[in-house]
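Residue numbers (my numbering), protein chains in the order written: chain E, 1 to 319; chain D, 1001 to 1319. The block underneath contains the structure these notes are about, expressed in structure tokens.
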């Protein structure tokens, strides 16, 4: 790393964040960083970008205020700059949230790279491209990393962090720690997978939903209701793996896979199932065991029930 | 319908429910119906069935009590019968929740059919078989219907109701109304689709998750965290369709599909995407419009934000 690393601030010392691209995601990031007490400088090439950005921040602000602002946080600490170089020149961290267009991203990241001090980490909100595909024209590809948020970035905690082939491992670690300090829930991936993790999962669901609409098997409204009133009530409480851990009764995931494994051959989705090898079976069973971390099935059932009730009540759906 | 229908009680007049099969799902149903003030008679061939059933009901009872029991509801209104005929003979409604084994279900439904008064509706909790596959050996196939719940049936509102080829349309309507009266959120499907709706969607996600574990792309814990801290926080509030309606900014689903449509060709899941024809595009856009029912994007954003905050707070994840 050497000289490039010499002046990079510690993750907890970041004071100014540059948001490059100020649409729904970039504007949401700007609102989030402002609420967490950062100075935010934004740039976007659209003619009405500043107006739209300030609308997005205003729209997010009641939610952020309700959640509690950091000391000194304020919307007056947002500055819009019409020139990219002026936006990133004083930043300790850059978050790029341009439209999802590979050529555009490649060029924009090179432009950012050219005008951002080389020790500053540049993170992309891309929802599916790998940094290896995007960093090729940068002179300093080592500081380019993916930090993929979920809409709205000011409320959904998850950020997936993953580097490209030319990204420094230090930068992946620094970025993960920066987002943690900034209050996010971070998954650091050790390899590039198209769509990362959560987007692959929701994309599989989304594609099946589109197939169902295309075939007349379900309406848009039925699809949404089937999730909001069904499995969607469990997922903020326990993920899909722990959910199925409990579907196996006292036998947990082991029972589930050993008994329902054959249903993987059923045409329950257009996605062909993984081959349930003994290795995969064991990986899933042991993963659930690690995640349960000593909690019994009864413990997990009680946690789930408390969580689902809390969610239902929070949404005003039960007294 | 004639004679068979002559003595069927109205959906709101059901007093006694028979639960055939008393595992995690059947026991969960028993607990739910007890809490809603029904008399419940249960049968299960396992030697320790009654003990397990009473454990399941006891485990569910604190949650059900917290949500509020119906007048007169009580666990003392649960009766276990060692003979199937004694369990179903006095029931106004039968819910079958046997293991997911087609041959077993076909035989069990025929057994139930033989000893249940012919006017009584028999509903199956099957998570994926169509009633057409299961009702073949019944003398009264017209009263056989699928009523598919989600685990735990005593907390998750959704029930998917769908008949088989030989099911009477009256029975589908009666069953939908019965579950509504009993407090469930009902989707009535007009055709059989393997896995119904919600299970197809969560199965697509589950299969992609298994592929990721099999390929070493993500751990079990990362998969769960990616959902509980990511899209899972939105799904109890707005389903996948409305979620993406908001991903398009002010342009909504139309903008989303017109701009992100090409990403359907990306390898973001192993599920091949639907062909985004103009017809499919319009069906999805118009469906979101119907579901929004006059609410603007800003209205929906505000609703989502209130909902996600309520969920986060309910789960103790924000102050």
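Glycine included, C-beta positions come from ideal geometry on N, C-alpha and C. Values in this document were obtained by computation on a predicted structure and should not be read as measured data.
| the segment 147-162 of chain E: which residues have C-beta closer than 8 Å to a C-beta of chain D, in chain order? | 150, 151, 152, 155, 156, 157, 158 and 160
| query | With respect to the alpha helix (DSSP H) encompassing residue 252/E, which residues constitute its N-terminal and C-terminal limits? | reply | 252-260
| task | Can you tell me which of 1123/D, 1106/D, 1311/D and 1317/D puts its alpha carbon nearest to the alpha carbon of residue 316/E? | result | 1311/D
| Cβ neighbours of residue 1001/D in the same chain (closer than 6 Å, five flanking residues each side left out) | Because residue 1001/D carries a pLDDT of 39, less than 50, the predicted location of this residue cannot be relied on, and the following value inherits that uncertainty. So the list reads 1170, once near-sequence residues are dropped.
| task | Could you say if the segment 235-249 of chain E and the segment 1184-1197 of chain D meet the contact criterion of at least three C-beta pairs nearer than 8 Å? | result | no
| Near-chain E residues of the segment 1113-1138 of chain D (beta-carbon distance less than 7 Å), N- to C-terminal order | 1128
| request: Find the residues of chain D that neighbour residue 335/E, judging by a C-beta separation of less than 8 Å, and give them in chain order. | output: The structure shown does not extend to residue 335/E, since chain E spans only 1 to 319, so no value can be given for it.
| message | Below 7 Å on C-beta distance, what does residue 1288/D contact in chain E? | response | 220
| task | With DSSP as the reference, please indicate the residues paired to residue 1039/D in a beta bridge. | result | 1016/D
| query | Are the CB atoms of residue 1227/D and residue 152/E nearer to each other than 9 Å? | reply | no
| field | Separation of residue 1243/D from residue 1291/D, as counted between CA atoms | value | 12 Å
| query | Taking Cβ to Cβ, would you say residue 1027/D is nearer than 9 Å to residue 1092/D? | reply | no
| request: List the residues of chain D whose Cβ lies closer than 7 Å to the Cβ of residue 50/E, in chain order. | output: Chain D residues near residue 50/E: none, gap ~16 Å exceeds 7 Å.
| request: Pair every Cβ in the segment 1027-1038 of chain D with every Cβ in the segment 1100-1111 of chain D, then say whether three or more of these pairs are closer than 8 Å. | output: no
| Of all the options 126/E, 314/E and 237/E, which has the alpha carbon lying nearest to the alpha carbon of residue 1303/D? | 314/E
| Assigned secondary structure, residue 1144/D (DSSP; H/G/I helix, E/B strand, else coil) | strand
| query | Does the beta-carbon of residue 1165/D have 16 or more other beta-carbons within 10 angstroms, so that it is buried, or is it exposed? | reply | exposed
| field | First through last residue of the alpha helix (DSSP H) which encompasses residue 85/E | value | 84-88
| message | Suppose you measure from the CA of residue 277/E to the CA of residue 1210/D; what does that come to, to the nearest Å? | response | 11 Å
| task | Can you grab the Cα-Cα spacing for the pair residue 3/E / residue 281/E, in whole Å? | result | With a pLDDT of 45 at residue 3/E, under the threshold of 50, the modelled position of that residue is not reliable, and no figure is offered here.
| Under a three-way DSSP split, which group does residue 188/E fall into? | strand
| Which residues in the same chain as residue 295/E place their Cβ atom closer than 8 Å to its Cβ, once the five residues preceding and following it in sequence are excluded? | 303
| said: Quick check on DSSP: helix, strand or coil for residue 1196/D? | reply: coil
| task | Determine the direct distance from the alpha carbon of residue 284/E to that of residue 1099/D, and round the result to whole angstroms. | result | 22 Å
| said: Given a cut-off of 9 Å on the beta-carbon distance, is the pair residue 1175/D and residue 1127/D in contact? | reply: no
| residue 135/E by DSSP, collapsed to three states: which one? | coil
| field | Exposure label - residue 286/E; buried when at least 16 CB within 10 Å | value | exposed
| Within-9 Å CB hit, residue 351/E to chain D | Here chain E comprises residues numbered 1 to 319, so residue 351/E is not present and cannot be evaluated.
| alpha helix (DSSP H) segment containing residue 287/E, residue limits | 278-292
| said: My output table needs one value for residue 1266/D: the three-state DSSP class, helix, strand or coil. | reply: coil
| Under a CB-based cut-off of 9 Å, is residue 232/E close to chain A? | Reference to chain A is not applicable here, since the protein chains of this structure are E and D.
| message | I need the DSSP call for residue 1238/D, collapsed to helix, strand or coil. | response | coil
| query | Rounded to the nearest angstrom, how far is the Cβ of residue 1204/D from that of residue 87/E, given a contact under 8 Å? | reply | So it is not a contact: roughly 40 Å between Cβ atoms.
| Presumed contact (8 Å Cβ cut-off) between residue 39/E and residue 75/E, rounded CB distance | That belief does not hold up - the Cβ atoms of residue 39/E and residue 75/E are roughly 12 Å apart, past 8 Å.
| message | Please identify, using Cβ separations under 8 Å, the residues of the segment 259-271 of chain E that lie next to chain D, in order along the chain. | response | 259, 260, 263, 264, 266, 267, 268, 269, 270 and 271
| request: To the nearest angstrom, report how far apart residue 1273/D and residue 196/E are at their CA atoms. | output: 17 Å
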